[in-house]
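Engineer: Numbering (my numbering), first residue to last: 313 to 623.
Yeah, the Cβ is synthetic: ideal placement off N, Cα and C, and Gly gets one too.
Computed from a predicted model, the values in this text were never measured in an experiment.
Encoded as structure tokens, here's the structure I'll be asking about.
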Amino acid sequence: MFKVLVSDYISEAGIEILEKEAEVYFNHQLSREEFLDIVGDYDGIIIRSFTRLDKEALNKAEKLKVIGRAGTGYDNIDLEEASKKGVVVFNTPTGNTISAAEHTIALLLSLSRNIPQANNALHNGIWDRKKYNGTEVRDKTLGIIGLGRIGSYVAQFAQGLGMKVIANDPYLAPEKAENLNVPLLDFEEVLQKSDYISLHTPLTDETFHILSHKEFATMKDDVRVLNVARGKNLDTEALVAALKSGKVAGAGIDVFEEEPIDENHPYFKYSDKVVVTCHLGGTTTEAMDNVSIAAAEQVLSVLKNGGLPES
Ligand code: MLT
Numbered sequence: 313m314f315k316v317l318v319s320d321y322i323s324e325a326g327i328e329i330l331e332k333e334a335e336v337y338f339n340h341q342l343s344r345e346e347f348l349d350i351v352g353d354y355d356g357i358i359i360r361s362f363t364r365l366d367k368e369a370l371n372k373a374e375k376l377k378v379i380g381r382a383g384t385g386y387d388n389i390d391l392e393e394a395s396k397k398g399v400v401v402f403n404t405p406t407g408n409t410i411s412a413a414e415h416t417i418a419l420l421l422s423l424s425r426n427i428p429q430a431n432n433a434l435h436n437g438i439w440d441r442k443k444y445n446g447t448e449v450r451d452k453t454l455g456i457i458g459l460g461r462i463g464s465y466v467a468q469f470a471q472g473l474g475m476k477v478i479a480n481d482p483y484l485a486p487e488k489a490e491n492l493n494v495p496l497l498d499f500e501e502v503l504q505k506s507d508y509i510s511l512h513t514p515l516t517d518e519t520f521h522i523l524s525h526k527e528f529a530t531m532k533d534d535v536r537v538l539n540v541a542r543g544k545n546l547d548t549e550a551l552v553a554a555l556k557s558g559k560v561a562g563a564g565i566d567v568f569e570e571e572p573i574d575e576n577h578p579y580f581k582y583s584d585k586v587v588v589t590c591h592l593g594g595t596t597t598e599a600m601d602n603v604s605i606a607a608a609e610q611v612l613s614v615l616k617n618g619g620l621p622e623s
């Protein structure tokens, strides 16, 4: 029987599929050392964004034939090394698109109406309608950086709220943006024109700190910034400086440069302006089932037939 290690949290639906045809070890609380000790025993691995399959881990994974990424981003996998070793790597990019897009809109509205702050205050007995005065989103401009799958849904949801949506995406075919009724502009122009800026790029050398000091300086005063993509796309120090100077009116952040974070994170000095969640973009019952089932089926297919199932 094939042996499959599931070292990040995925839904039971995928585990049940795997268990029909493989010996499965599901443990999402392994330390790095424990993971490195056992990784050599497995033919297949399923991970989300927490487990790091870097060169060190791949060198120990002597029997490994397939890595299933239950989710979208590949930034925790050394793809070059995996390819050198002939390990098949796939992701399940469609399963959590809607959840990530909805989470972005949830943060956008939370920020605009101070919902978490007012909720916290009221739980502590403070009724303050003046302090938590908000702002409407209708007719405001949302600038989307990265108009791929998730960015496209964010654009449509925001248009549904009456927002004007513009975007930058050097890799997108112009017809796709036209179909969405979203003008594609230069990166700088998007920064200059937007009341809200939302990041939806993968993490690559090109997108590392795509928003840093220079970009914040280019933005409108009182801009609001959202990141439900990858923590390292946003320069934390630059955002903190922009919150401190008052340039940025608010930030909705789901992902961080290092995860997990604790209560000492610099954003918490600006709790009135920053709404945070713990990398929950893809964490809904629907998305978790989708990515877990797809990853399980595809890992089994590679192990049994040497390739991914035909879609
Ligand atoms: C993803 O890349 O799909 C998301 O970050 C969700 C996750 O895997 O944790």
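1. Thinking C-beta only, is L497 closer than 8 Å to I478?
2. In whole angstroms, give me the CA-to-CA distance for P572 and V318.
3. If you check the beta carbons only, do V378 and L538 fall under 8 Å apart?
4. Closest to Q341 by CA distance: which of D517, I417 and I359 is it?
5. Going straight from the alpha carbon of P621 to that of E333, what length do you get?
6. On a CA-only basis, which of G383, H591 and N388 is nearest E368? Give me that one, please.
7. From this set, D547, E501, N431 and I457, which residue's C-alpha is nearest V587's C-alpha?
8. Return yes when at least one heavy atom of ligand 1 lies under 7 Å from the C-beta of S604, else no.
9. Reducing DSSP to helix, strand and coil, say where G543 ends up.
10. Here's the rule I'm using: 16 or more other beta-carbon atoms within 10 Å means buried, otherwise exposed. How should L391 be labelled?
11. Using a Cβ-Cβ cut-off of 6 Å (strictly less than) and excluding sequence neighbours within five positions of L473, which residues of its own chain qualify?
12. Taking the alpha-carbon of Y483 as reference, which of V466, N493, H512 and A470 has the nearest alpha-carbon?
13. DSSP three-state label for L510, please.
14. Near ligand 3, which residues have their beta-carbon less than 6 Å from any of its heavy atoms, given in chain order?
15. How many Å lie between D517 and Y444 at the Cα?
16. What are the boundary residues of the beta strand (DSSP E) that includes N403?
17. Output the distance between the C-alpha atoms of N491 and K476, rounded to the nearest integer angstrom.
18. Runs of 4 residues minimum, wholly inside the region 439 to 519: which ones carry the alpha helix (DSSP H) assignment?
19. Under the rule that 16 or more other beta-carbon atoms within 10 Å means buried, what is A541, buried or exposed?
20. Have a look at I329 and S613 and give me their C-alpha separation to the nearest angstrom.
21. Report the rounded CA-to-CA distance for G446 versus L420, giving the unit in angstroms.
22. Would you kindly work out how many angstroms separate the C-alpha atoms of Q610 and T597, rounded to a whole number?
23. Just to confirm before moving on: does the CB-CB distance between D507 and K532 stay below 8 Å?
Structural biologist: From the atom records:
1. Residue numbering aside, residue 478 sits at position 166 when the sequence shown is read from its first letter. Residue numbering aside, residue 497 sits at position 185 when the sequence shown is read from its first letter. A distance below 8 Å separates the beta carbons of I478 and L497.
2. One-based indexing of the sequence shown puts residue 572 at position 260. One-based indexing of the sequence shown puts residue 318 at position 6. For the pair P572 and V318, the Cα-to-Cα distance works out to about 19 Å.
3. Position 66 of the sequence shown, counted from the start, is the residue given in the question as residue 378. Position 226 of the sequence shown, counted from the start, is the residue given in the question as residue 538. For V378 and L538, no; Cβs fall outside 8 Å.
4. Position 29 of the sequence shown, counted from the first residue, corresponds to residue 341. The shortest C-alpha separation from Q341 is found at I359.
5. The sequence position of residue 621 within the sequence shown is 309, counting from 1. The sequence position of residue 333 within the sequence shown is 21, counting from 1. Computed Cα separation, rounded: 16 Å.
6. Position 56 of the sequence shown, counted from the start, is the residue given in the question as residue 368. Sorting G383, H591 and N388 by C-alpha distance to the C-alpha of E368 places N388 at the top.
7. Counted from its first residue, the sequence shown places residue 587 at position 275. Closest option to V587, Cα to Cα, is N431.
8. Translated into the one-based positions of the sequence shown, residue 604 becomes position 292. Residue side-chain check: S604 keeps its Cβ at 7 Å or more from all non-hydrogen atoms of ligand 1.
9. Counting from 1 along the sequence shown, the entry for residue 543 is found at position 231. Of the three classes helix, strand and coil, the one that applies to G543 here is helix, per DSSP.
10. Working through the sequence shown from its first residue, we reach residue 391 at position 79. Burial state of L391 is exposed, judged by a 10 Å Cβ sphere holding fewer than 16 other Cβ atoms.
11. Translated into positions along the sequence shown, residue 473 becomes position 161. Once the five neighbours on either side are set aside, the close Cβ partners of L473 are V449.
12. Translated into the one-based positions of the sequence shown, residue 483 becomes position 171. Of the listed residues, the one whose Cα sits closest to Y483 is H512.
13. Within the sequence shown, the letter at position 198 stands for residue 510. For the sequence presented, residue 510 should be read as Ser rather than Leu. Strand at S510.
14. Looking for ligand 3 in the displayed structure turns up nothing; the ligands present are ligand 1.
15. By one-based count along the sequence shown, residue 517 stands at place 205. By one-based count along the sequence shown, residue 444 stands at place 132. Between the alpha carbons of D517 and Y444 lies a gap of roughly 39 Å.
16. The sequence position of residue 403 within the sequence shown is 91, counting from 1. The continuous beta strand (DSSP E) containing N403 extends over residues V400 to N403.
17. Position 179 of the sequence shown, counted from the first residue, corresponds to residue 491. Position 164 of the sequence shown, counted from the first residue, corresponds to residue 476. Their backbone Cα atoms lie some 15 Å apart in a straight line.
18. Taking only runs of at least 4 residues, the alpha helix (DSSP H) segments lying wholly in the region 439 to 519 are 461 to 472, 486 to 491 and 499 to 505.
19. In the sequence shown, the residue the question calls residue 541 occupies position 229. Buried, since its Cβ has 16 or more Cβ neighbours within 10 Å.
20. Along the sequence shown, one-based indexing puts residue 329 at 17. Along the sequence shown, one-based indexing puts residue 613 at 301. C-alpha separation (whole angstroms): 12 Å.
21. The residue labelled residue 446 in the question sits at position 134 within the sequence shown. The residue labelled residue 420 in the question sits at position 108 within the sequence shown. If I take the Cα positions, the gap works out to 12 Å.
22. In the sequence shown, counting from the first residue as 1, residue 610 sits at position 298. In the sequence shown, counting from the first residue as 1, residue 597 sits at position 285. Cα-Cα distance, rounded: 20 Å.
23. Locating residue 507 in the sequence shown gives position 195, counting from the first residue. Locating residue 532 in the sequence shown gives position 220, counting from the first residue. Less than 8 Å separates the beta-carbon of D507 from that of K532.
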